[in-house]
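Step one of this worksheet: look at the structure below.
Residue numbers (the numbering used here): 42 to 454.
Structure representation (structure tokens):
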């Protein structure tokens, strides 16, 4: 079967955005290159932006079906994550009835849940008599227990609550039904894949949620090669406890690379604590906190840096790693979550995460290797660019989904 009728559930979907919204938009656009696509999404978040984009760049195969809870018109105005999750769950129930009516009228070949990218919440669309694809879903990544020693009480409460809500979600019979009814379940990381398999999914594949457009890849590929001196490390992240920036700073201090700098791009609740840490480590003169910057400024700063340090302890995705790789900058990360899927031994260094002391020592050693071996730095950067083109462009992801749809339909008949 060539062209099919595909129904996609994309609770979060908006053009020219990152994170969940960007995942939703880019996947539906790629699928629409091959098939007729109907998208279930919300009017309150993105309708104006979607309609404006389609007016500029028409996509004939792409149709949007907007709806939201009649008694809860705007989930964004509540502002709390808990309220958003309740809205999301109830919206998924409503989506079932909307999809059932549409299926009677149109007759879909495949139903595909795309966003939220969350394995511990159900998609009631899996209950419809249509082959169902779930994902990419993530969230199964866990902060290694040995690293809890660096947590404040508030951070420990956050991680405990996160684990509790995931456990409750996994036990939800509708979430388990979603896993069991999936013809294919896409998981963004090995950790999530294991959890989804335990919930009863028959066919689980790794499929990172994030990607880059061809325009972004070409723009980043134009960045000049990193300078030999100074070697400039950079971390780009919200400054949260689980992003592990404190580990990067301690490793930088331990490496003691006098002709190097470390830039921190981003802001968050850990900012003051991290700034104090640089004073305690006596490295503050070689550290620059740039704060929250817009995307163009972030990419301009990335161009002036040599190596990305991304010591996150439970990232599902990490688009910044892909951007650095596309720019020919090697990545030093932990062997956890999304970054561990993106980075290989040829494109950077993945540090085993056994305990903080081991990570700091290992990361410091890898920083020294790249700072002192410019040829290796350049070689890893070039291989990084090649890997992004082959696996992480949205075009490559669209082709992979096309192949999956064909395989699912063949197995159905």
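Think of the CB as a built atom: it goes at the ideal place given N, C-alpha and C, for glycine as much as any other residue.
These figures come from a predicted structure and were not determined experimentally.
CA-to-CA distance, residue j to residue i, given in whole angstroms
i	j	result
residue 158	residue 230	12 Å
residue 369	residue 191	32 Å
residue 119	residue 451	Per-residue confidence for residue 119 stands at a pLDDT of 46, beneath the threshold of 50, marking its modelled position as unreliable; no derived number is given.
residue 350	residue 273	10 Å
residue 204	residue 97	43 Å
residue 307	residue 378	21 Å
residue 283	residue 334	20 Å
residue 346	residue 421	15 Å
residue 169	residue 141	7 Å
residue 291	residue 336	27 Å
residue 83	residue 56	14 Å
residue 90	residue 69	15 Å
residue 249	residue 109	28 Å
residue 177	residue 436	16 Å
residue 315	residue 358	23 Å
residue 386	residue 286	22 Å
residue 302	residue 340	17 Å
residue 165	residue 329	47 Å
residue 188	residue 232	18 Å
residue 395	residue 184	11 Å
residue 322	residue 222	53 Å
residue 360	residue 425	14 Å
residue 175	residue 244	10 Å
residue 227	residue 297	42 Å
residue 171	residue 234	23 Å
residue 367	residue 201	36 Å
residue 313	residue 197	19 Å
Which of helix, strand or coil DSSP assigns to residue i
i	result
residue 387	coil
residue 118	With a pLDDT of only 49 at residue 118, under 50, the local geometry of the prediction cannot be trusted, and the value read off the model is given with reservation. Here residue 118 sits in helix by DSSP.
residue 275	strand
residue 426	helix
residue 50	strand
residue 307	strand
residue 80	strand
residue 74	coil
residue 194	helix
residue 443	helix
residue 199	helix
residue 322	coil
residue 100	coil
residue 264	coil
residue 108	coil
residue 214	helix
residue 65	helix
residue 56	coil
residue 408	helix
residue 452	helix
residue 357	coil
residue 366	helix
residue 314	helix
residue 270	coil
residue 259	helix
residue 336	helix
Residue(s) in a DSSP beta bridge with residue i
i	result
residue 351	374
residue 223	173
residue 253	434
residue 331	None; residue 331 has no bridge partner.
residue 247	228
residue 419	Paired residues: none, contrary to the question.
residue 392	375
Closest residue to residue i among the options (Cα-Cα distance)
i	options	result
residue 62	401, 51, 241	51
residue 324	338, 282, 295, 346	295
residue 445	88, 246, 367	246
residue 299	64, 408, 66, 249	408
residue 353	178, 317, 404	404
residue 269	47, 417, 60, 431	417
residue 78	88, 187, 135, 66	66
residue 48	56, 81, 390, 55	81
residue 160	152, 147, 150, 181	181
residue 162	196, 151, 187, 213	213
residue 151	225, 88, 218, 366	225
residue 156	251, 310, 419, 406	251
residue 402	217, 380, 381, 375	375
residue 319	54, 288, 413	288
residue 240	255, 392, 220	220
residue 147	179, 104, 128	104
residue 75	93, 406, 45	45
- prompt: Which whole runs of the alpha helix (DSSP H) in the stretch 276-304 are 4 residues long or more, in chain order?
  reply: 286-296
- request: List in chain order: all unbroken beta strand (DSSP E) runs of 3+ residues lying wholly within the stretch 124-190.
  value: 151-156, 173-178
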